[in-house]
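Peer 1: In terms of my numbering, the sequence shown opens at residue 7 and continues consecutively.
The beta-carbon is built from N, C-alpha and C at its ideal position, and this holds for glycine as well.
Computed from a prediction, not measured in an experiment: that's the story for all the values here.
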Amino acid sequence: MQGLSTTQPEIYQGQFGEFTITDSDRTGVIIYRTGLAIAAFSVAIGVILLLWQGATPPVLTALTVLYALFSVALGVSLWTIHIYLGVLHRLLQLFWAIGTLAAVGLALQYPQPLALTAYNQPIALFSIGFTFAALTGIYFKEAFCFNRLETKLLTPLVPILLLGHLIGFLTVEAEQFLLAMWAIFYSIFALRKLIQPIPPDIGDKSVFDYLKKKGVGN
7 MQGLSTTQPE IYQGQFGEFT ITDSDRTGVI IYRTGLAIAA FSVAIGVILL LWQGATPPVL
67 TALTVLYALF SVALGVSLWT IHIYLGVLHR LLQLFWAIGT LAAVGLALQY PQPLALTAYN
127 QPIALFSIGF TFAALTGIYF KEAFCFNRLE TKLLTPLVPI LLLGHLIGFL TVEAEQFLLA
187 MWAIFYSIFA LRKLIQPIPP DIGDKSVFDY LKKKGVGN
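#1: Let's see if you can read the secondary structure: which residues bound the alpha helix (DSSP H) around Asn126?
#2: Using C-beta distances below 8 Å, list every residue in its chain close to Leu167, excluding the 5 sequence neighbours before and after it, in chain order.
#3: Of the choices Glu156, Gly170, Ile173, whose alpha-carbon is the least far from that of Leu197?
#4: Let me check understanding here. Comparing Cα to Cα, which of Val71, Gly135, Leu141, Pro119 lies closest to Trp85?
#5: Cβ of Val65 within 8 Å of Cβ of Leu75?
#6: Buried or exposed: where does Ser30 fall if 16 or more other Cβ atoms within 10 Å of its Cβ makes it buried?
#7: Considering only DSSP beta bridges, list what Thr26 is partnered with.
#8: Under the three-state reduction of DSSP, which class applies to His95: helix, strand or coil?
#9: Which of the three DSSP states is assigned to Ile87 in this structure?
#10: Beta-carbon within less than 8 Å of Thr67's beta-carbon, same chain only, minus the 5 sequence neighbours each way: which residues are those?
#11: I'd like to check one pair, Ala43 with Leu200: are the Cβ atoms closer than 8 Å?
#12: Please report the distance separating the alpha-carbon of Asp207 from that of Arg96.
#13: Please classify Trp102 as buried or exposed, where buried requires at least 16 other C-beta atoms within 10 Å of its C-beta.
#14: Over what stretch of residues does the alpha helix (DSSP H) that includes Gln182 continue unbroken?
#15: Excluding the 5 residues flanking Ile194 on each side, which residues of the same chain have their C-beta closer than 6 Å to its C-beta?
#16: Under three-state DSSP, which class holds Gly209?
#17: Just reading off the alpha helix (DSSP H) that Thr62 is part of, what are its end residues?
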């Protein structure tokens, strides 16, 4: 019929065949990036409050709320991230779940704010650290796939900060510096993801199909 036209989906050539990108694929990427942005800005706001006003009761209360927002947003991103190896994807999700359950348990067990519990008790930081191990997995994946400078810096930065505090080889000034760098680089990462073209985050769907048939994909 004249006056009507249909838009054919763009066909991409993958390693194991052709594939198309659906609206559902694009929605998943948008949700993934939105989760990253919310998590990143939760960290940034928390760091700003802590470095600006110190560990006052209102700041500690705000940190608990911001951490909850960070954790939920990170979980959403881990649900929608595209990772070729299904076992790695599930491992990152498992790490997030362990860290989240640990945080909830600590918040219920101890009367003091969660930030103080994590800061003062190494075992608490170790258990919550599973969440940050999952986050580091995202940094590593993004550094490997997109060769971004900020993710290359974030990949070792977060473990150094947490392990440094856990073992006690970092001074307070060094921890504050690393916290500030984490907030800055994480915000840069999240902002750059928001303006990045969508197809690269979806990846080669023919590889996903191939790995799924082999039993190692998502």
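Peer 2: Well, looking at it:
#1: Looking at the DSSP string, the run of the alpha helix (DSSP H) that includes Asn126 is 120-126.
#2: Taking C-beta separations shorter than 8 Å and ignoring five residues to either side along the sequence, the partners of Leu167 in its chain run Leu176, Glu181, Leu184, Leu185, Trp188, following chain order.
#3: Here the closest residue by C-alpha is Glu156.
#4: For Trp85, the nearest C-alpha among the options comes from Leu141.
#5: Contact flag unset, no.
#6: The residue in question, Ser30, is exposed, as its Cβ has fewer than 16 Cβ neighbours within 10 Å.
#7: DSSP lists Ile17 as partners of Thr26.
#8: Here His95 carries a helix assignment [DSSP, helix/strand/coil].
#9: The three-state secondary structure of Ile87, taken from DSSP, is coil.
#10: The answer, listed in chain order, is Pro119.
#11: In this structure, Ala43 lies closer than 8 Å to Leu200 by Cβ.
#12: So the two alpha carbons sit approximately 18 Å from each other.
#13: So Trp102 ends up on the buried side.
#14: Boundaries of the alpha helix (DSSP H) harbouring Gln182: 178-201, taken from the DSSP string.
#15: Closer than 6 Å at Cβ, skipping near neighbours: Glu156.
#16: For Gly209, the secondary structure class from DSSP, reduced to helix, strand or coil, is coil.
#17: Segment: none, Thr62 is in no alpha helix (DSSP H) and carries neither H nor E.
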